[in-house]
DNA sequence: TATTGTTATACTCTATAACTATA
DNA sequence: TATAGTTATAGAGTATAACAATA
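Residue numbers (the numbering used here), protein chains in the order written: chain A, 100 to 246; chain B, 100 to 246.
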């Protein structure tokens, strides 16, 4: 064990490591992490947050609707809002002139990076566990049959 | 180990037992169990479901609003709906004539019992774990610092 | 004809404010 | 004056249907 790892005792927060891994597994099994708090912190509606999240690359609006589990008609307004805030741009698709690709602006990339960091942060109760418990938790969750 | 317990292998569902215990702890830590699915199954709005849940005894409407984290003005409509379906009754409080106590009817008690059973049922992925893993999971979650 | 995105519209859920009847 | 519950109303969030442009 490295000295850096040894220094992290019970409850000392850390990026990466077993807590992150356990949290990732848990989030897949139970519910996504507390989006609402993050959304408020970044002054974004939950749906706008989900949209930024899926925009690792430019995507058509229909794809965004699918990811958000909502009707495409809603995506129009969501993208309108993000466009007004300068976080995304509507771009024409080179393949199909019906399609509009939603792409992040430079500012959008900055906000998305911050958001991804917040969302992936394990919650306090998980950080409060010993590293051994975090590791065991992650292993057990890894054995669960995800439907 | 009893023969009944021994017979439950990996993935055989069971009421009570370590899965229930782990699920109870997890639900406290992460998010309440998937209310929405249960609500649809019982043809009840999520708020009505939460109301039934808190009615282990007759309670004033303000108390219900507090439990639901919503304004009291909404409780009027929620209770209206439950009353129309014959699940609750508005009763006068013997102590304060401003207060109305919401009490379950006989039918309301039946629906609530079914609901509580559904909500407390551990999800499939948790039942899919070995009993040893379920137990360990519960123990680890029990060590977490709930804020 | 079918599909992408837009618009108009309606329904649910929740919040605020004014009101009533009690305290 | 303050409080419990009601009513009216407005704002989010999401769904359906009709439409324009394109396939």
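Backbone N, C-alpha and C fix where the C-beta goes; we use that ideal spot for every residue, glycine too.
Can you list, in chain order, the residues of its chain with a C-beta nearer than 6 Å to that of residue 228(B)? Leave out the 5 residues immediately preceding and following it. none
Is there a Cβ from chain A that is less than 8 Å from the Cβ of residue 122(B)? no
Can you check which of these residues, 232(B), 125(B), 121(B) and 200(B), is closest to residue 190(B) by C-alpha distance? 200(B)
Please check if any C-beta of chain B sits within less than 8 Å of the C-beta of residue 137(A). no
With 16 as the cutoff for other CB atoms within 10 Å, does residue 237(A) come out buried or exposed? buried
If you reduce the DSSP assignment to three classes, tell me which class residue 187(B) lands in. strand
Could you tell me the boundaries of the beta strand (DSSP E) in which residue 199(B) lies? 199-203
Whose Cβ in chain B lies nearer than 9 Å to the Cβ of residue 173(A)? Neighbours of residue 173(A) on chain B: none; closest Cβ ~18 Å, over 9 Å.
Range covered by the alpha helix (DSSP H) that runs through residue 119(B): 116-128
Is the segment 204-211 of chain B touching the segment 168-177 of chain B in the sense that three or more CB pairs, one from each, lie closer than 8 Å? no
Starting from residue 158(B), follow its DSSP beta bridges and name the residues at the other end. 201(B)
Express the C-alpha separation of residue 138(A) and residue 198(A) in angstroms, rounding to a whole number. 28 Å
In angstroms, rounded to a whole number, what distance separates the CA positions of residue 183(B) and residue 133(B)? 26 Å
CA-CA distance, residue 214(B) and residue 165(B)? 21 Å
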